[in-house]
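S.K.:
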Amino acid sequence: MPINLTATFSFNLIIDFYNMWQYAFMRQAFEAGTIIAIVAGVVGYLVVLRRLSFAAHALSHVGFSGAAGAALFGINPLLGLLTFTMSGGIFMAFLGKKAATRDVQIGIILAFMLGIGILFINLYKGYATEAYSILFGEILGISLENVIITFYAAIIILIVFALFYRRLLFTSLDEDVAEAKGVSILTMSLIFMLLIAVAVSIAVQIVGVLLIFALLVTPPAIAQRLASSPGKAIIISVLIALFVTWVGLFIGYYLPYPVSFLITSSVFLIYIFVRSYQKLWQNN
Amino acid sequence: MDQSKFLIQASNLTVGYGDNVIWQDANFDIKAGEFIVLLGPNGAGKTTLFKLILGLKQPTDGILRVFGDLAKKGNPSISYMPQKRIIDSESRLNTIEYIKLGISGHKLGFSFGSKIKLETNKAYKALELVDASRFAKTPINLLSGGELQRVFLAQALVEEPKLLLLDEPLANLDIRREVELVNLINKIIKKNNIAIMLIAHDINPLLSVIDRIIYIANKKVASGLPDEIVTSENLSKLYGFNVEVLRSSSGKIAVLGTEGAAHAH
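Sequences listed follow chains B and Z, in order. Reading the first sequence from the start, the letters are residues 1 to 284 in this note's numbering. Reading the second sequence from the start, the letters are residues 1001 to 1265 in this note's numbering.
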């Protein structure tokens, strides 16, 4: 079902957006989507640099249990998400440094936590819908309360990110030298894990647990292929995340397809385009 | 004894993990501007010595003084160039960005206005010093092994350190690149009175420039002049492997590893 059966696309984007924004749920979707795209684009760059996309993915699954548990006990699922991902993030920061060992450990926790989530969902009466929206995102059902929580979470993420930006970057690109310069690897790892924990929690509202990569990994992965400096990479990554979120919402308003699907496919198309362009014309 | 003369002073220094001693009772010192090569078999604890100097590891016994004080983390007068660097092949970051990390990577917040320009200029100067200015805008993943080493040397030099710790900078370089890098390093440190500790396995390209050798083997640390250390007998003992040192009529030395273990371990 399209979001709005009577809506017609007019080729005048201003009028289109004006019409969409008559609806509170569309306004809230655009607000939350914009905030989350900015955060995902920024934090996601470090996820890609640190090669921690699997950890980010696992955190979202840990968040699934949190959201399901919260739903079961009648608490706002977003708060359950935040609590679980942040605890999971702290735990992961202390895991082994070697990627191979770390990934196995993370995978084991992921499976365990997902199992708990399934138990929670099973015990919860509103089984199907709640599980569906946590797994695949439900941006159109986002409440004003969650937009506000998302906004404050984003502000905190961006402030912490700005404060530790250079240290995070240094430890991501050149860990041994950063350590020799007195930067604490463990502290940066903790800060980073908490940043992705919060970013994942709010992004789940849009694309869901299963599609988290679309916002947190693909845009920065594209940006990394294009940018000559970290600053530029972050800007490109944010622009791509913003663009695909808006495109997803916009098309979803007229067509009977899920917004998450529209976001994941448009960002994938951009990735394919950039890769083939570089392959064909720049020999990379 | 005038302590300020020494950059590094180790007295009865012992290091290990738990009950496991890596090496013990080391006594040595390093003066400003000295070129020192660290020799020793793999796993003897050469990199561990660097970690002690950088304050990343604590000695289990003895005292290590760095610039007169006990070793501490984040000393701006020391630069470290690790052996392995991971360069992401997907990333297109410019070389100059890596040099800038050496200036401000450990700081909080952002640089603004004139400070950005200052840092950029500093980064360019460091690249110039190692004759790599032309790589400033090259994506770092496109550089060759020798070019990368020069760029990382620039990163290590950018904050004008007094002591450079280089962990196997000559590994994976061909003979010509080895000699070029050694001569470049020597030129820079002599001009700026920088002391250097360099870990190497092949001593040949370094023989003409080094002041002293520190060797670590069999849980002991000793130092001496190249002529004293680089003898067939000493090196064979050090590596537990037959090593032959040949001297040509022009004074050039060649170190050869030959078949068979000298001392079984």
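Virtual Cβ for every residue (Gly too), placed ideally from N, Cα, C.
Beta-carbon of residue 228(B) versus every beta-carbon of chain Z: anything under 8 angstroms?
M.R.: In the first sequence, residue 228(B) corresponds to position 228, counting from 1. Chain Z, which has a Cβ nearer than 8 angstroms to the Cβ of residue 228(B), makes this yes.
S.K.: When Cβ atoms are compared, which residues of the region 1105-1128 of chain Z fall closer than 9 angstroms to chain B?
M.R.: Cβ contacts with chain B: 1105, 1106, 1107, 1108, 1109, 1110 and 1111.
S.K.: What's the call for residue 1247(Z), buried or exposed, on a 16-neighbour Cβ count within 10 Å?
M.R.: On the second sequence, position 247 is the one that residue 1247(Z) refers to. Under this definition residue 1247(Z) is an exposed residue.
S.K.: Anything in chain B within Cβ reach of residue 1073(Z), meaning under 8 angstroms, just list it in chain order.
M.R.: Within the second sequence, residue 1073(Z) is the residue found at index 73, counting from 1. Per Cβ cutoff of 8 angstroms: 182.
S.K.: Closest Cβ-Cβ distance between residue 1054(Z) and chain B: below 8 angstroms?
M.R.: Position 54 of the second sequence, counted from the start, is the residue given in the question as residue 1054(Z). Interface residue, yes.
S.K.: Which class does residue 222(B) belong to by DSSP, given the choice of helix, strand or coil?
M.R.: Within the first sequence, residue 222(B) is the residue found at index 222, counting from 1. Note: residue 222(B) maps to helix in three-state DSSP.
S.K.: On a CA-only basis, which of 1018(Z), 1193(Z) and 1155(Z) is nearest residue 1133(Z)? Give me that one, please.
M.R.: Numbered from its first residue, the second sequence carries residue 1133(Z) at position 133. Of 1018(Z), 1193(Z) and 1155(Z), the residue nearest in Cα terms is 1155(Z).
S.K.: Cβ closer than 8 angstroms: which chain B residues qualify as neighbours of residue 1170(Z)?
M.R.: On the second sequence, position 170 is the one that residue 1170(Z) refers to. Those do not exist, as residue 1170(Z) stays about 18 angstroms from chain B at its closest Cβ, beyond 8 angstroms.
S.K.: Can the beta-carbon of residue 1209(Z) be found closer than 8 angstroms to that of residue 1230(Z)?
M.R.: To locate residue 1209(Z), count along the second sequence from 1; it is residue 209. To locate residue 1230(Z), count along the second sequence from 1; it is residue 230. No; because the gap between Cβ atoms is not below 8 angstroms, this pair is not in contact.
S.K.: Buried or exposed: where does residue 1176(Z) fall if 16 or more other Cβ atoms within 10 Å of its Cβ makes it buried?
M.R.: Taking the first residue of the second sequence as position 1, residue 1176(Z) is located at position 176. Per the 10 Å Cβ criterion, exposed.
S.K.: I'd like to check one pair, residue 268(B) with residue 208(B): are the Cβ atoms closer than 8 angstroms?
M.R.: For the purposes of this step, residue 208(B) is taken as the residue at position 208 of the first sequence. For the purposes of this step, residue 268(B) is taken as the residue at position 268 of the first sequence. The answer is no: Cβ separation not under 8 angstroms.
S.K.: Residue 209(B) versus chain Z: which residues are under 9 angstroms apart at the beta carbon?
M.R.: Here residue 209(B) is taken as the residue at index 209 of the first sequence, counted from 1. What residue 209(B) touches in chain Z: nothing, since even the nearest Cβ is about 25 angstroms away.
S.K.: Rounded to whole angstroms, what's the CA-CA distance from residue 65(B) to residue 13(B)? Just pull it up for me.
M.R.: As a working note, residue 65(B) is residue 65 in the first sequence. As a working note, residue 13(B) is residue 13 in the first sequence. Taking the straight line joining both Cα atoms gives about 40 angstroms.
S.K.: Could you check which residue in 250(B), 260(B), 262(B) and 270(B) has the C-alpha nearest to that of residue 16(B)?
M.R.: Indexing the first sequence from 1 puts residue 16(B) at position 16. Cα-wise, what sits closest to residue 16(B) is 250(B).
S.K.: Beta-carbon of residue 1150(Z) versus every beta-carbon of chain B: anything under 8 angstroms?
M.R.: The residue given as residue 1150(Z) occupies position 150 in the second sequence. Chain B contact via Cβ: absent.
S.K.: For residue 171(B), tell me which candidate among 47(B), 25(B) and 40(B) has the shortest Cα-Cα distance.
M.R.: Along the first sequence, one-based indexing puts residue 171(B) at 171. Of the candidates 47(B), 25(B) and 40(B), the one whose C-alpha sits nearest the C-alpha of residue 171(B) is 47(B).
S.K.: What residue range does the beta strand (DSSP E) around residue 1187(Z) cover?
M.R.: Here residue 1187(Z) refers to the residue found at position 187 of the second sequence. Run containing residue 1187(Z): none in the beta strand (DSSP E); it sits in the alpha helix (DSSP H), 1175-1192.
S.K.: Compare the C-beta of residue 1261(Z) against all C-beta atoms of chain B and say whether one is closer than 8 angstroms.
M.R.: What you label residue 1261(Z) is simply residue 261 of the second sequence in a count that begins at 1. Residue confidence for residue 1261(Z) is low, a pLDDT of 49 falling below 50, so the modelled location carries little weight; the figure read from the coordinates is stated next. No, no contact with chain B.
S.K.: Identify whether residue 21(B) lies in helix, strand or coil by the three-state DSSP scheme.
M.R.: The residue given as residue 21(B) occupies position 21 in the first sequence. Correct three-state label for residue 21(B): coil.
S.K.: Using a beta-carbon distance cut-off of less than 9 angstroms, what residues from the region 155-184 of chain B approach chain Z?
M.R.: Result list: 162, 163, 164, 165, 166, 167, 169, 170, 171, 173, 174, 175, 176, 177, 178, 179, 180, 181, 182, 183 and 184.
S.K.: Cβ of residue 1139(Z) less than 8 angstroms from any chain B Cβ?
M.R.: Within the second sequence, the letter at position 139 stands for residue 1139(Z). Closer than 8 angstroms to some Cβ of chain B, the Cβ of residue 1139(Z) qualifies, so yes.
S.K.: Does DSSP classify residue 208(B) as helix, strand or coil?
M.R.: Sequence index remark: in the first sequence, residue 208(B) carries index 208 (1-based). DSSP places residue 208(B) in coil when its eight states are reduced to three.
S.K.: Quick check: the Cα distance between residue 1080(Z) and residue 71(B), rounded to an integer number of angstroms?
M.R.: Position 80 of the second sequence, counting from 1, holds the residue named residue 1080(Z). Position 71 of the first sequence, counting from 1, holds the residue named residue 71(B). If I take the Cα positions, the gap works out to 51 angstroms.
S.K.: Using 8 angstroms as the limit for Cβ to Cβ distance, is residue 217(B) near chain Z?
M.R.: Start at 1 with the first residue of the first sequence, and residue 217(B) comes out as number 217. No - not a single Cβ of chain Z is within 8 angstroms of the one on residue 217(B).
S.K.: Quick one: does residue 1232(Z) have its CB under 8 angstroms from some CB of chain B?
M.R.: As a working mapping, residue 1232(Z) is identified with position 232 in the second sequence. Residue 1232(Z) does not count as touching chain B.
S.K.: I think residue 1032(Z) touches residue 1193(Z), with their Cβ atoms under 8 angstroms apart; what is that distance to the nearest whole Å?
M.R.: The sequence position of residue 1032(Z) within the second sequence is 32, counting from 1. The sequence position of residue 1193(Z) within the second sequence is 193, counting from 1. Yes, residue 1032(Z) and residue 1193(Z) are in contact; Cβ-Cβ is about 6 angstroms, under 8 angstroms.
S.K.: I'd like to know whether the C-beta of residue 1092(Z) is nearer than 8 angstroms to at least one C-beta of chain B.
M.R.: Here residue 1092(Z) is taken as the residue at index 92 of the second sequence, counted from 1. Residue 1092(Z) counts as touching chain B.
S.K.: Which ranges would you report for the alpha helix (DSSP H) in the region 173-206 of chain B if only whole runs of at least 4 residues count?
M.R.: Within the region 173-206 of chain B, the complete alpha helix (DSSP H) runs of at least 4 residues are 175-180.
S.K.: Are any of the Cβ atoms in chain B nearer than 8 angstroms to that of residue 1080(Z)?
M.R.: Reading the second sequence from its first residue, position 80 is the one you call residue 1080(Z). Residue 1080(Z) counts as touching chain B.
S.K.: Can you name the residues that DSSP bridges to residue 1017(Z)?
M.R.: Translated into positions along the second sequence, residue 1017(Z) becomes position 17. In the DSSP output, where bridge partners are listed per residue, residue 1017(Z) has 1020(Z).
S.K.: In its own chain, which residues sit with a C-beta less than 8 angstroms from the C-beta of residue 1261(Z), not counting the 5 before and 5 after it?
M.R.: Translated into positions along the second sequence, residue 1261(Z) becomes position 261. Because the pLDDT at residue 1261(Z) is just 49, under 50, the model does not fix this residue reliably, and the value given afterwards should be weighed accordingly. Correct list, in chain order: 1240, 1241 and 1242.
S.K.: By the three-class DSSP mapping on this structure, what secondary structure does residue 1222(Z) have?
M.R.: Working through the second sequence from its first residue, we reach residue 1222(Z) at position 222. In this structure, residue 1222(Z) counts as strand in the three-state DSSP scheme.
S.K.: With distances taken from CA atoms, which of 1066(Z), 1044(Z) and 1149(Z) is nearest residue 1131(Z)?
M.R.: Here residue 1131(Z) refers to the residue found at position 131 of the second sequence. Ranking the options by Cα distance to residue 1131(Z), first place goes to 1149(Z).
S.K.: Around the Cβ of residue 104(B), are there at least 16 other Cβ atoms within 10 angstroms (buried) or fewer (exposed)?
M.R.: Here residue 104(B) corresponds to residue number 104 of the first sequence, with the count starting at 1. It is exposed - the Cβ of residue 104(B) has fewer than 16 other Cβ atoms within 10 Å.
S.K.: Cβ closer than 8 angstroms: which chain B residues qualify as neighbours of residue 1246(Z)?
M.R.: Against the second sequence, residue 1246(Z) aligns to sequence position 246. Result: empty, since nearest Cβ-Cβ is about 37 angstroms, beyond 8 angstroms.
S.K.: In this structure, does DSSP put residue 252(B) in helix, strand or coil?
M.R.: Looking up residue 252(B) in the first sequence gives position 252. Reduced to three states, the DSSP call for residue 252(B) is helix.
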